Amino acid sequence: MLIIHWLVMTASIMLVAYVMPGVTVSGFFSALWVALFLGIVNVLLKPLLILITLPINILTLGLFTFVINGLLIILASSVIKGFQVSGFWVAVLFSILLSIVNFLLNFLLGAR
Numbered sequence: 660m661l662i663i664h665w666l667v668m669t670a671s672i673m674l675v676a677y678v679m680p681g682v683t684v685s686g687f688f689s690a691l692w693v694a695l696f697l698g699i700v701n702v703l704l705k706p707l708l709i710l711i712t713l714p715i716n717i718l719t720l721g722l723f724t725f726v727i728n729g730l731l732i733i734l735a736s737s738v739i740k741g742f743q744v745s746g747f748w749v750a751v752l753f754s755i756l757l758s759i760v761n762f763l764l765n766f767l768l769g770a771r
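To get my numbering, take the position in the sequence shown, counting from 1, and add 659.
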């Protein structure tokens with residue numbers, strides 16, 4: 660089941676990068692590494708970042724989470740060769756679109 664989620668996330672990354680200017684993915688394997696990196700970072704680092712930024716996250720009704728996701732995407736683009744994001748706001752928008760597309764693909768495929 661984990662592999663299915665990983666592949667769905669990979670497809671989501673490729674789809675959003677294809678339609679969104681400012682985001683470049685050089686190929687399937689780059690997207691696969693981005694999906695793996697984001698999965699690991701979301702498990703290990705994101706909970707700590709959410710805890711540290713809890714007051715501002717509460718004030719923004721959780722919308723600050725997209726800023727955190729954008730920062731993690733910028734981190735991914737600096738670590739993974741073949742994945743480039745042109746700026747901070749592009750990364751934030753990419754994270755929002757990626758969340759939507761990933762949700763829709765998981766829903767359509769029945770992956771839980």
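We treat Cβ as the ideally placed atom computed from N, Cα and C, and that holds for glycine. The structure displayed is predicted, hence computed values, not measured ones.
The alpha-carbon of Ser689 is positioned some 7 Å away from that of Lys740. In this structure Gly681 is not in contact with Gly729, their Cβ atoms being roughly 12 Å apart against a cut-off of 8 Å.
Of all alpha-carbon atoms in Ile662, Ser758, Leu767, Met673, the one lying nearest the alpha-carbon of Ser685 is that of Met673. Distance between Trp665 and Leu767, taken at the CA atoms: about 15 Å. For Thr683, the enclosing beta strand (DSSP E) stretches over residues 682-684.
For Val675, the CB contacts under 8 Å within the same chain, skipping 5 residues up- and downstream, are Val682, Phe753, Leu756, Leu757, Val760 in chain order. Phe742 is classed as buried because its beta carbon has at least 16 other beta carbons within 10 Å across all chains shown. Taking the Cβ atoms as the reference, Ile733 lies roughly 14 Å from Lys705, outside the contact range of under 8 Å.
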